[in-house]
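Numbered according to my numbering, the sequence shown spans residues 2 to 206.
Working notes, beginning with the structure itself.
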Amino acid sequence: MENILKSFIVFEGLDGAGTTTQIMNLARYYEFNKREYFLTREPTDSPIGQLVRKVLQKKVSTTPEALALLYAADRHDHLYSESHGIVRMTEEDRIVISDRYFYSSIAYQSVECNPEFIRLINAFPSPEFIIFVDTPVDECLERIEKRGEEKELFDRKEFLEKVRENYLKAFEKLPDGVKLMKADGSKPIAEVEAEIRKWLSSFSL
Numbered sequence: 002m003e004n005i006l007k008s009f010i011v012f013e014g015l016d017g018a019g020t021t022t023q024i025m026n027l028a029r030y031y032e033f034n035k036r037e038y039f040l041t042r043e044p045t046d047s048p049i050g051q052l053v054r055k056v057l058q059k060k061v062s063t064t065p066e067a068l069a070l071l072y073a074a075d076r077h078d079h080l081y082s083e084s085h086g087i088v089r090m091t092e093e094d095r096i097v098i099s100d101r102y103f104y105s106s107i108a109y110q111s112v113e114c115n116p117e118f119i120r121l122i123n124a125f126p127s128p129e130f131i132i133f134v135d136t137p138v139d140e141c142l143e144r145i146e147k148r149g150e151e152k153e154l155f156d157r158k159e160f161l162e163k164v165r166e167n168y169l170k171a172f173e174k175l176p177d178g179v180k181l182m183k184a185d186g187s188k189p190i191a192e193v194e195a196e197i198r199k200w201l202s203s204f205s206l
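This is how it looks when you write it as structure tokens:
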């Protein structure tokens with residue numbers, strides 16, 4: 002069996018899919034039930050992660066490959082930092098909830114980079130749980146528009162359609178021991194939240 006980080010929950014989905022909303026709902030649920038958890042996201046708030054965000058916001062320009070390497074560097078620090086790393090948190094028996102992980106790189110960056118290159122630089126441990134919030138592309142773009150923010154680098158319909166295809170392909174080849182839930186992000190928020198809780202509780206999480 003490949004290296005799998007126990008009690009590590011990763012939420013994935015297109016921009017605008019609703020992953021952040023569901024993550025915050027799950028965190029509140031664990032808070033209420035006094036469960037030890039650690040909430041995190043990618044890109045992180047580290048200096049490397051902040052540079053990635055500047056590229057996404059089109060404040061800094063670089064090549065797709067360089068951006069992929071920045072993501073991988075941020076992820077390595079995210080996993081192995083002695084002060085706040087995911088590995089350390091799981092070793093302390095906390096439930097770790099992350100808004101995105103290396104599946105985002107495989108889905109997004111494989112559109113413009115060699116997929117083998119993306120996989121090679123993202124040879125990181127797998128999470129035990131993946132929750133893919135699958136929301137139609139048009140609905141995602143509509144939600145992004147309603148935020149009133151400037152669209153980021155990847156917020157284009159044709160691009161996001163390819164990203165969704167890449168996600169689905171990646172999830173066909175998960176290692177044994179990784180559990181996947183596909184949630185319909187077009188359903189009401191409370192309904193999706195209930196489905197996620199029920200699924201995780203079946204594994205005593």
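The C-beta atom is built at its ideal place from N, Cα and C for all residues, glycine as well.
- D185 has D135 as its beta-bridge partners, per DSSP.
- Within 10 angstroms of the beta-carbon of Q58 lie fewer than 16 other beta-carbons, which makes it exposed.
- The C-alpha of R148 lies about 11 Å from the C-alpha of C141.
- Proximity to T64 across D139, A124, G17 and C114 peaks at C114, based on C-alpha coordinates.
- When secondary structure is reduced to three states using DSSP, R101 falls in the coil class, being assigned neither helix nor strand.
- With a threshold of 16 other beta carbon atoms within 10 Å, S205 falls short and is exposed.
- Burial state of F130 is buried, judged by a 10 Å Cβ sphere holding 16 or more other Cβ atoms.
- Between the alpha carbons of W200 and L175 lies a gap of roughly 18 Å.
- Between N167 and the set I5, I96, D135 and K60, the nearest pair of CA atoms involves D135.
- Residue pairing by DSSP puts E13 in a beta bridge opposite F133.
- Pairing D94 with E32 gives a Cβ-Cβ distance that is not under 8 Å.
- Under the three-state reduction of DSSP, R95 is assigned to coil, being neither helix nor strand.
- In the displayed model, P128 falls within a strand according to three-state DSSP.
- Taking a contact to require three or more Cβ pairs closer than 8 Å, the stretch 46-53 and the stretch 96-111 do not qualify as touching.
- By the neighbour-count criterion, in which a residue is buried when 16 or more other Cβ atoms sit within 10 angstroms of its Cβ, A67 is exposed.
- DSSP, reduced to helix, strand and coil, places L40 within a strand of the structure shown.
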